[in-house]
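A.B. asks: Below you'll find the structure I mean.
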Amino acid sequence: MGRYVIRRLLQMIPVFIGSTFLIFFMVYALGDPVAALFGDKAPDPATAAQIRHDLYLDHSLGAQYLHYMKNIFVGDFGTAFNGESVTSLMGSAFPITIRLTIVAIIFEIIIGILLGVITGMRRGKPVDTGVLLLTLVVISVPTFVTGYVLQYVFGVELKWTAPSVSPSAPFNELILPGLVLALVSLAYVTRLTRTSIAENTRADYVRTAVAKGLPRHRVITRHLLRNSLIPVVTFIGTDIGALMGGAIVTERIFNIHGVGYQLYQGILRNNAPTVVGFVTILVLVFLLANLLVDLLYAVLDPRIRYA
């Protein structure tokens, strides 16, 4: 296992370098950060040259990337155009989005897997058809529509929660935004679990467990569910990074100043250091989440071994 982890970590290095270079290239080569900084007003040539020198933009793209990578290894992600360090922005944004992602993942795991097991065990029954139709509706409706509807119903009409989240963003205020963020993924988890449960119900090891006279709950939890969760765990693991990076719409609706908000502001103002810095961290989140998923396979299925 230890050798496998080391090999996977080494494999992550070229993936990380390639991903970050692609992001860096798209942000810096396809736009002019100095021009975006001044907007419609043309800057003085001397001032523009000095800013380019301070931001290391007067070098080749390869030299800029090497300079950026050297800095991030010492924890320096650059300075945003408003003068605040990108590291400081990360320190305030990532804890909020992590809490929001945790709430969303909890909804996915509890509700998604529970509905998937119920429908998988009752395939073809009315409850199965009803849940499948409901998940199809959830997948079809855009997130911003669902977000505004739930915000109006629960925040404005019923007043069960505040329509917007306070700057500190405690867990209790993130329940509704977390549900909005998780809805589409929750629907996919439900359908994945349902399909996997329905397929494995006919497997030989399940028939053997039933023939041995094991209690129904033991057959489901110890035998059927563990083997059926492998594709679900794969999806949830890869979804962690997607939820953190894709929370732009949800955070805008509920006024949450997290990663999505900072990315939106960075893209809107062509704030290259902010966009590149935040996306670099999200790349690391994706890579580590995939590694964790691979290690969980052996926990769910003892037949899987890593050399």
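Taking our numbering, the leading residue of the sequence shown gets 1, the next gets one more, and so forth.
The beta carbon of each residue, even a glycine, is placed where N, CA and C say it ideally should be.
These numbers were taken from a predicted model, which means no experiment stands behind them.
Under the three-state reduction of DSSP, which class applies to T366: helix, strand or coil?
C.D. replies: One cannot answer for residue 366 here, as it falls past the ends of the chain, which runs 1 to 307.
A.B. asks: Can you tell me whether Y56 is buried or exposed, with buried defined as 16 or more other CB within 10 angstroms of its CB?
C.D. replies: By one-based count along the sequence shown, residue 56 stands at place 56. Exposed, since its Cβ has fewer than 16 Cβ neighbours within 10 Å.
A.B. asks: Any idea if M244 is buried or exposed, counting beta-carbon neighbours within 10 angstroms, 16 or more meaning buried?
C.D. replies: As a working note, residue 244 is residue 244 in the sequence shown. Buried, since its Cβ has 16 or more Cβ neighbours within 10 Å.
A.B. asks: With respect to the alpha helix (DSSP H) encompassing S140, which residues constitute its N-terminal and C-terminal limits?
C.D. replies: Counting from 1 along the sequence shown, the entry for residue 140 is found at position 140. Element bounds for S140: 126 to 140.
A.B. asks: Can you list, in chain order, the residues of its chain with a C-beta nearer than 6 Å to that of G120? Leave out the 5 residues immediately preceding and following it.
C.D. replies: The sequence position of residue 120 within the sequence shown is 120, counting from 1. Within the same chain, G120 has close Cβ partners R194, I197, A198.
A.B. asks: Taking the C-alpha atoms as reference points, what is the distance between M90 and V259?
C.D. replies: Along the sequence shown, one-based indexing puts residue 90 at 90. Along the sequence shown, one-based indexing puts residue 259 at 259. Rounded to whole angstroms, M90 to V259 spans 8 Å at the Cα level.
A.B. asks: From the DSSP output, in three-state form, read off S185 for me.
C.D. replies: The residue you call residue 185 lines up with position 185 of the sequence shown. Three-state result, S185: helix.
A.B. asks: Find the nearest neighbour of V283 within the set G155, G2, F21, judged by alpha-carbon distance.
C.D. replies: Position 283 of the sequence shown, counted from the first residue, corresponds to residue 283. Of G155, G2, F21, the residue nearest in Cα terms is F21.
A.B. asks: In terms of alpha-carbon separation, which member of I253, G130, F107, P126 lies closest to L183?
C.D. replies: Locating residue 183 in the sequence shown gives position 183, counting from the first residue. Cα-wise, what sits closest to L183 is F107.
A.B. asks: So what does S85 bridge to, in DSSP terms?
C.D. replies: Counting from one through the sequence shown, the residue named residue 85 turns up at place 85. Residue pairing for S85: DSSP places it in a beta bridge opposite T79.
A.B. asks: Within 10 angstroms of its Cβ, does A80 collect 16 or more other Cβ (buried), or is it exposed?
C.D. replies: The sequence position of residue 80 within the sequence shown is 80, counting from 1. Buried is the call here.
A.B. asks: Grab the span of the alpha helix (DSSP H) containing F16 for me, first residue to last.
C.D. replies: For the purposes of this step, residue 16 is identified with residue 16 of the sequence shown, where counting begins at 1. Segment 2 to 29, the alpha helix (DSSP H) holding F16.
A.B. asks: If you draw a straight line from the C-alpha of F24 to the C-alpha of V149, how long is it?
C.D. replies: Residue mapping note: residue 24 aligns to position 24 of the sequence shown, counting from 1. Residue mapping note: residue 149 aligns to position 149 of the sequence shown, counting from 1. Roughly 37 Å between the two C-alpha positions.
A.B. asks: Across the region 96 to 104 and the region 146 to 161, are there enough close Cβ pairs to call them in contact, namely three or more that are closer than 8 Å?
C.D. replies: no
A.B. asks: If you drop the 5 nearest sequence neighbours on each side, which residues of the same chain put their C-beta closer than 7 Å to that of G241?
C.D. replies: Within the sequence shown, numbered from 1, the residue matching residue 241 stands at position 241. Within the same chain, G241 has close Cβ partners L282, V285, F286, A289.
A.B. asks: So V86 and T221 are in contact, right, with Cβ under 8 Å, and what is the actual spacing, rounded?
C.D. replies: Here residue 86 corresponds to residue number 86 of the sequence shown, with the count starting at 1. Here residue 221 corresponds to residue number 221 of the sequence shown, with the count starting at 1. Actually they do not touch by this definition, with Cβ atoms about 45 Å apart.
A.B. asks: Going along the chain, which unbroken runs of the alpha helix (DSSP H) with 4 or more residues stay wholly within the region 136 to 176?
C.D. replies: 143 to 150
A.B. asks: Below 8 Å, can you find three or more Cβ-Cβ pairs linking the region 245 to 258 to the region 155 to 167?
C.D. replies: Yes, the region 245 to 258 touches the region 155 to 167.
A.B. asks: What's the C-alpha gap between V210 and R216?
C.D. replies: Working through the sequence shown from its first residue, we reach residue 210 at position 210. Working through the sequence shown from its first residue, we reach residue 216 at position 216. Distance between the alpha carbons of V210 and R216: 8 Å.
A.B. asks: Using three-state DSSP, classify F73 as helix, strand or coil.
C.D. replies: Sequence index remark: in the sequence shown, residue 73 carries index 73 (1-based). Three-state result, F73: coil.
A.B. asks: Candidates E157, A169, V180, K70: which alpha carbon is nearest T250's?
C.D. replies: In the sequence shown, counting from the first residue as 1, residue 250 sits at position 250. Ranking the options by Cα distance to T250, first place goes to V180.
A.B. asks: Measure from the alpha carbon of A247 to the alpha carbon of each residue in N271, T234, M69, V279, then state which is nearest.
C.D. replies: On the sequence shown, position 247 is the one that residue 247 refers to. Cα-wise, what sits closest to A247 is V279.
A.B. asks: I think V131 touches T190, with their Cβ atoms under 8 Å apart; what is that distance to the nearest whole Å?
C.D. replies: Working through the sequence shown from its first residue, we reach residue 131 at position 131. Working through the sequence shown from its first residue, we reach residue 190 at position 190. About 7 Å separates the two Cβ atoms, so the contact holds.
A.B. asks: Where do the ends of the alpha helix (DSSP H) carrying H53 lie?
C.D. replies: Translated into positions along the sequence shown, residue 53 becomes position 53. Per DSSP, H53 belongs to the alpha helix (DSSP H) from 45 to 54.
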